[in-house]
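Asks:
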Amino acid sequence: MSTNDDSESANQLRRDHDLAELLEWFQNNENLPQEIEPLLLRRFYQCMYGNVEDTKQLIEVNYALRNKHPHLFIQRDPLDADSRRTFDYADILPLPGLTPDKYKVSLYCFRDFEPSKMHHTEDTRAFFMVTDCRFITPDDAAHPEVLSVGEVQIFDMKGTTMRHISRLTISTLRAYVKFLQLAFPVRLKAIHMVNCPTYLDRIVSVVKPFISEEVFKLIRFHTSSIDTLYSFVPRQMLPEEYGGLAGPLATLRAQTQQDLADKREYLMNPNHWHVEKQEKRSGRSWKLF
């Protein structure tokens, strides 16, 4: 056996040991729900580069925020009227495969540009349902053992007006940004804004105060052409409508909706999300908020 094989085997043993320790800790922690999917636990661990104590802190922050905002993270149904309304006017789509850097890419775009269709809090709840489904699904069907090491988001601003921006709910925006920055089990690597309108500066001036400088630095605005996106996201991952080879939006949309339906019981099971004894939380978790 080569030295590389020995090293890989040792790393695998260490990871298995750490994950077993984390699972036992999770199940005995009164500040956490009763259950966690093994793949989600592994994502937390990888996000913290295999540091067990940092992983524990990230997990506690994640579920503390979820239980602080149950209307976004716990009280939900992917098949109810609110969810249907969101998915009828907008797409929230994990794209297939991984980038060469092993990043997972998700696309968000309007299908109906009427501002009154936008309901920011319900739409944000739908976003987190899609991501929670994705986090218990292999990132690349061809290589199910490979996990993403980063998150890339693409926001298509086509059809976005100041009337849309006026419908943002500030408390929801703050909770969304805080969760992405402090509690997401994958590290946010980039946010790409495509089809930017001529009044982009006005939109940015409204939302920038609610976005941390750290997150804002990750945003790249593609103002001239979508072609500049291809330097960051391979065409084979993008839908046909974006010059890509991953099939039409309609097919990706149907796959995402089927995944939500298949995982509905998981999304609505309080054992995976709800913390029973919030009054007994450790002070350390709550002091972060």
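Here the sequence shown is numbered in UniProt numbering, starting from 1 and rising by one per residue.
The beta carbon of each residue, even a glycine, is placed where N, CA and C say it ideally should be.
Here the structure is a predicted model, which is why all the values come from computation and not from measurement.
1) Hey, which unbroken runs of the beta strand (DSSP E) at 3 residues or more fall wholly within the region 65–109?
2) What does the alpha-carbon distance come out to for the pair K102 and F232?
3) Hey, how far is the Cα of C133 from the Cα of F127?
4) Pairing CB atoms from the region 137–149 with CB atoms from the region 165–184, are three or more of them under 8 Å?
5) Which residues in the same chain as L267 place their Cβ atom closer than 8 Å to its Cβ, once the five residues preceding and following it in sequence are excluded?
6) How big is the Cα-Cα spacing for residue 294 and F110?
7) Within its chain, find whatever has a CB closer than 8 Å to the CB of T121; leave out the 5 residues flanking it on each side and keep chain order.
8) Whose C-alpha, out of E276, A254, G50, is nearest the C-alpha of D88?
9) State the CB to CB distance for the pair M118 and F155, rounded to an integer number of angstroms; the pair is presumed to be in contact (CB under 8 Å).
10) Per DSSP, which residues does G150 bridge with? Please list them.
11) Does the Cβ of A10 have 16 or more other Cβ atoms within 10 Å, making it buried, or fewer, making it exposed?
12) State the Cα-Cα distance for the pair P248 and P96, rounded to the nearest angstrom.
13) Label H143 either buried or exposed according to how many other C-beta atoms from any shown protein chain fall within 10 Å of its C-beta, with 16 as the threshold for buried.
14) Give me the Cα-Cα distance between S285 and T86, rounded to the nearest whole angstrom.
15) Could you give the uninterrupted runs of the beta strand (DSSP E) lying entirely in the region 142–202, keeping only those of 3 residues or more?
Replies: The short version:
1) Entirely contained in the region 65–109, the beta strand (DSSP E) runs reaching 3 residues are, in chain order, 90–94.
2) When rounded, the distance between both Cα atoms is 12 Å.
3) Cα atoms of C133 and F127: separation of roughly 10 Å, rounded to the nearest angstrom.
4) No, the region 137–149 is not in contact with the region 165–184.
5) Excluding sequence neighbours, L267 sits near R76, D77, P78, M129, D132, C133, L260.
6) What the structure shows of the chain is the stretch from 1 to 289, and residue 294 is not part of that stretch, so it cannot be assessed.
7) Cβ contact annotation for T121 (same chain, cutoff 8 Å, sequence separation greater than five): H71, L72, T169, T172, in chain order.
8) Among E276, A254, G50, the Cα nearest to that of D88 is on A254.
9) About 14 Å separates the beta carbons of M118 and F155, which is beyond the 8 Å limit, so they are not a contact pair.
10) Y103.
11) Burial call: exposed.
12) Near 12 Å, if we compare the C-alpha coordinates of P96 and P248.
13) Answer is exposed; the Cβ neighbour count stays below 16.
14) With a pLDDT of 43 at S285, under the threshold of 50, the predicted position of this residue should be treated as unreliable, though the coordinate-derived value follows. If you take the alpha carbons of S285 and T86, they lie about 32 Å apart.
15) Counting whole runs of 3 or more residues, the region 142–202 contains the beta strand (DSSP E) stretches 150–156, 188–194.
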